[in-house]
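For reference, the structure is listed below as structure tokens.
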Amino acid sequence: MEEFFNKIKESFQDATLEFETINIKVDSAEWIEVHKKLRDELNLKFFSWLSAIDWDNEVSVGEAPKESVSPSFEIITCLSDLANTNLVTVSTSISKSEPNIKSLIEVYDGANWHEREAYEMFGINFENHPNLEKLYLPDGYEGNPMLKSFELISREVKPWPGEVDVEGMPEESESGESADG
Amino acid sequence: MGVVDKFGLPKPISSVFNWARSYSLWYFQFGLACCAIEVMAVSGPRHDFMRLGIIPLPASPRQADFMIVAGTVTDKMAPSVKRLYDQMPEPKYVISMGSCSNSGGPYWDSYSVTKGVDQLIPVDVYVPGCPPRPEALQEGIILLQKKIRGEDMKEKWLEVQTEPI
Amino acid sequence: MTEVLIKVGFLAIAALNGAVIFTIMDVKGASWMQRRPGPLHVGLRGFIFPLAEILKFVQKEDIIPTEVDRPVFKWAPAYVMVSCVALFAVVPMSPTLVVADLELGVFFALAISSLGTIGVLTAGWSSANKYSLMGGLRAAGQLIAYELPLILAVVGVVIQAETMSLVGIVEKQIEWGVPFVVGGQIVGFLIFMVAATAEMMRVPFDMPIGESELTMGFMTEYSGIRFLIFYISEYMNMFILCAIASTLFLGGYHVPLLPTEWVNFYGPVVLLTKTAILGFILVAIRWSQPRFREDQLQNLAWKILIPASLVNILVTAIMKVVL
Amino acid sequence: MVNALDPQNMNRFSEASVSVEIETEDMTLNIGPQHPSTHGVLRLVAKVDGEKVHDVKPVLGYMHRGYEKLAEVRSYPQITTLVNRIDWVAGFSNEIPFIAGAERLMEIDVPERAKHIRLILTEMARISSHFVFNGAYALEVGALTPIFYAMEDRERVLDLIESVTGGRFHPNFNRIGGVKPAAGAGPTSKKNIQDLPAGFYRDTKVAMEKVIQAADQFQNLIGGNEVFKKRTKNVGVLTAETAEAYGVSGPILRASGVKSDLRTQTDYLPYDQFDYDIPVGENGDCYDRWDVRVKEMVESAKIVLQAIDSMPSGPLQTKVPKVIKVPKGRTYVRAENPKGEMGYYIVSDGGLGPYRLKVRTASFSNVSILPIMLEGALLPDLIAIMGSLDFVLGDVDR
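Protein chains in written order, with the numbering used here: chain A, 1 to 181; chain B, 1 to 165; chain C, 1 to 323; chain D, 1 to 398.
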């Protein structure tokens, strides 16, 4: 892994390795070029997935970020090389007001459905995508569920029952017992 | 049929008819999610629901007598569930298997899951569990058979609402 | 008139019984092969479950979808049923215990059995359902393809027996001392059984129904009593084809060494036993084989079975002349 | 009459001459969402020309339950309950990468014993998943009996999982930092198993021998069947290049000749301590995909047998705080699940639950290959190909 990271480091100076995951942060303008390079030069032919993160300070459900973030979409792809276990994630940031990015289909055929999913869940527009339409949700469904501003109506109607019994991990005494025995 | 509406059937005949219905339940293969695998387990040699007269043959709703809604019903699937139920010929029964189809289960707050199949179709027997054990489903089937055997033809034809189990 | 009524009644009951016996055999045989008990709690260790089935289907709602071709849809099951029941008329249970000992019994049987094809095709066509249509077309293609080897296989027997009457064929086998399957028609018998399995649309030739592909094929839209008729006919067809096979090839109502004077008593039992044995083989095949693909099925019929049956006829004819 | 129909018949079914002479209008066939062979609720919209299929469009979403959104509003221990329902045939395997990811972020070392138990149960889940595949696949090509044999043998494996975890296939057994102390924790037995149920060692041995026997039986019963071979050999060939570009993984990829197995390549569980083969196919057709899975069952059984023999003693849990809070960071953990590569990309913000959880499931990518594989296939082959991909709708739609 270290070896591969150094190799990546040669081409991408600001690549990071944390928690055994290599991340390359790129500018959205060179999105396609970077992937082409990774595929052809570093042999990362296996397209694992593509997804996005909605960074926002105000959330309707769940927890808001602890530190203030600048609202944006972060798009992440995960590529790997099957023979050698090398794996990188590539991420880029795009603005929320103009969520446009080039489609990766010309580089990886498999990006098709992943991009449709991201389009549906986040409302991100992938340019040059052959059929950018809904993947999961029924026709006529409105809203992009994965946005942090999306409300889960059931939770509005009924409080979260999980609050009542916040269950810790198995008691420490229990694990102590098995350690003794 | 007017005669039956007014007077009902004599007891022996109706009990024979009910017996036939309760032991020849053609089960519409309607596997949605996790519970469908448990239904497969019930059809397997260890539990074998064919003992009870459940025949898992029909792939078409037209020949089915009851369906086991086994798994999560999503909002996208809901119209199909309703339609398949409507395509089944009377008299027909529904077993709702598992928390998901009973009430939404672990996905109670999801944006795409129907919270309970009883919002779409009438349910005769609810089987709790996530997923219910095969024994639980068998119990559900036996309860359904009991219910069928206790049915009154007259009420059935007059479409009297019955309490779910 | 009374005689006709009795005969028709007898036919109906015999056909129904045959179907019921084979249903029990199929379901219980399947359970046995799959290491499970099968129907059990319905009563009499589960052996009366066909009764429950029939009574239940009688009670079911008979749905006729709005888009179907109503008269055709309604009458399609009747063709299938009639073709099966009529076949029972010519199968002899002894020289005298036969509803109609026709001079051209074999010809009648083969002609009537193709009537079912029309029923299947019309059922598939009239249902206004794509699965049904494809099922109907597959069924038609299959039944036509396998009708030929079926007929050609029988021709060998007819040449050897020098008669087309089913009673005559059995008598010839008694005269010979051995059934035809031993006396030179083994190839014919195998072809007949394969083609008959295809005619019954059972695994491995069940593409027209093909549960995992076409839901229920041509029966997809049928419910209630009309479906019951299809369902029963399937087993009647199986029963009667097995009975015909045992008549033509296995010596029918007679087994060697039994006295021919008592044939009226043991004849039905012997025939039933032979039929059941053949039926059991079919059950075993059904529950252990995958199904063919449509083109493989057609290849089997046209490229293997038909040439083989033609050769069989040729050889039989030569032997007949030489001997 | 009959003879006159011969040429037409030949025409309709011989592959070369379809739609050469007759201009036909294609029929649009809608398979699903409720169709017996779609393993649940996948819908395919296909154009059909006689028996030939083209322009297949899978329609997804009939089982979309919104895991990724729900994960944002649940805490880490609650998510394990949720995620083991993703691939419902092998529930246990789904927990592993998620838990491993959380542990990696918290920098917790899991006791060896817990790792071994995880490994054993993961392999058992794999076996039970492949049993279901075996039965269901035979059913799809028309053989009705093997599924009963598969179910019977699968019950034995499920019994074992149940005896340890208390659940048949949604065990929810993993905890951050280890595993849950077993349900009926028995006394110390000869292999120094203190917390696995009494008799687990013996029962596992018996069951795994049975699994190996069953795999052998499948090889003879299904694989040796001429009709089955005719239906699956050279049907639905998938090349390694296409597979990689689409992110197809797991047994399907291996059947296409790529020797890739995350069990050996990554270290989420101590697979390197055991000796096993990675079955690889040659042609990438349906038969190979079936064959690879049957062989994998045997290998899994071998791993379990070795693991149970070398089971280390020690605690099941490391000490973790009572309320789990995962520090800020992000990581991607992947694992070799029965269906292929499954991974979780966890973006943690230091809270009780993840800020974002991306679930990478194998079947999603595996199914995306369908339109290419089904182009020009015959209708019965469509079923055979679809079945050989062995997808689970929960795994596709999430």
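Quick reminder that beta carbons are idealized off the backbone N, C-alpha and C, glycines included.
Bear in mind the structure is a predicted one, so any value in this text is a computation, not a measurement.
Pair within 8 Å by beta-carbon distance, residue i and residue j
i             : j             : result
residue 132/D : residue 218/D : no
residue 124/D : residue 161/D : yes
residue 61/D  : residue 137/A : yes
residue 82/A  : residue 260/D : yes
residue 104/D : residue 333/D : yes
residue 255/D : residue 309/D : no
residue 127/A : residue 102/A : yes
residue 23/B  : residue 52/C  : yes
residue 252/C : residue 37/C  : no
residue 294/C : residue 207/C : yes
residue 119/C : residue 135/C : no
residue 148/D : residue 34/C  : yes
residue 110/B : residue 144/D : no
Residue i: contacting residues in chain B (beta-carbon distance under 8 Å)
i             : result
residue 344/D : In chain order: nothing, as chain B lies at least about 17 Å away.
residue 151/D : 40, 41, 43, 44, 45, 46
residue 145/A : 111, 112
Helix, strand or coil at residue i [DSSP, three-state]
i             : result
residue 347/C : No information on residue 347/C is available, as it lies outside the stretch 1 to 323 that chain C covers here.
residue 61/B  : helix
residue 236/D : coil
residue 93/C  : coil
residue 274/D : coil
residue 111/B : coil
residue 6/A   : helix
residue 175/D : strand
residue 88/A  : strand
residue 188/D : Bear in mind that a pLDDT of 44 at residue 188/D, under 50, signals an unreliable position, so the number given afterwards is only what the model happens to contain. Three-state DSSP puts residue 188/D in coil, outside helix and strand.
residue 27/B  : strand
residue 50/A  : strand
residue 313/C : helix
residue 145/D : coil
residue 51/C  : helix
residue 462/D : Absent from the model: residue 462/D. The displayed extent of chain D is 1 to 398, so no value can be given.
Close beta carbons around residue i, own chain, < 6 Å, minus the five adjacent residues each side
i             : result
residue 289/C : 203, 204
residue 14/D  : Reliability of the predicted coordinates at residue 14/D is poor, the pLDDT of 38 falling under 50, and the value obtained from them is presented with this limitation in mind. Counting only Cβ-Cβ distances below 6 Å, and skipping sequence neighbours, we find nothing.
Beta-carbon neighbours of residue i, restricted to chain B and to distances below 9 Å
i            : result
residue 38/A : By Cβ distance, chain B contributes nothing, its closest Cβ being about 34 Å from residue 38/A, past 9 Å.
residue 52/C : 19, 20, 21, 22, 23, 24, 53
Within chain D, the residues that residue i reaches when beta carbons sit closer than 8 Å
i             : result
residue 113/B : 65, 66
residue 133/B : 168
Amino acids of chain C, ordered along the chain, whose beta-carbon sits closer than 7 Å to that of residue i
i            : result
residue 51/D : 294
Same chain only: Cβ atoms within 8 Å of residue i, ignoring 5 sequence neighbours per side
i             : result
residue 71/B  : 31, 32, 33, 34, 35, 36, 97, 98, 100, 101
residue 104/C : 164, 165
residue 154/C : 106, 110, 188, 192, 248
residue 260/C : 174, 254
residue 352/D : 75, 76, 323, 324, 325
residue 250/D : 336, 337, 338, 339, 340, 341, 362, 366
Partners in chain A for residue i, counting only beta-carbon separations shorter than 8 Å
i            : result
residue 61/D : 134, 135, 136, 137, 138
Close Cβ partners of residue i (< 7 Å) along its chain, the five nearest in sequence each way excluded
i             : result
residue 247/D : 365
residue 14/A  : 25
residue 19/B  : 149
residue 194/C : 305
residue 320/D : 108, 176, 177
residue 99/D  : 80, 174, 176
Where residue i meets chain B, residues with beta-carbon distance less than 7 Å
i             : result
residue 155/A : 109
residue 63/C  : 62, 89
Chain-ordered neighbours of residue i on chain A, where CB pairs are closer than 7 Å
i             : result
residue 481/D : A query on residue 481/D cannot be resolved here, the shown segment of chain D reaching from 1 to 398 and no further.
residue 75/B  : 138
Contacts of residue i in chain C (Cβ-Cβ under 8 Å)
i             : result
residue 288/D : In chain order: nothing, as chain C lies at least about 17 Å away.
Any beta strand (DSSP E) of 3 or more consecutive residues that is wholly inside the segment 240-271 of chain C: Assignment of beta strand (DSSP E) within the segment 240-271 of chain C, counting only whole runs of 3 or more residues, yields no such run.
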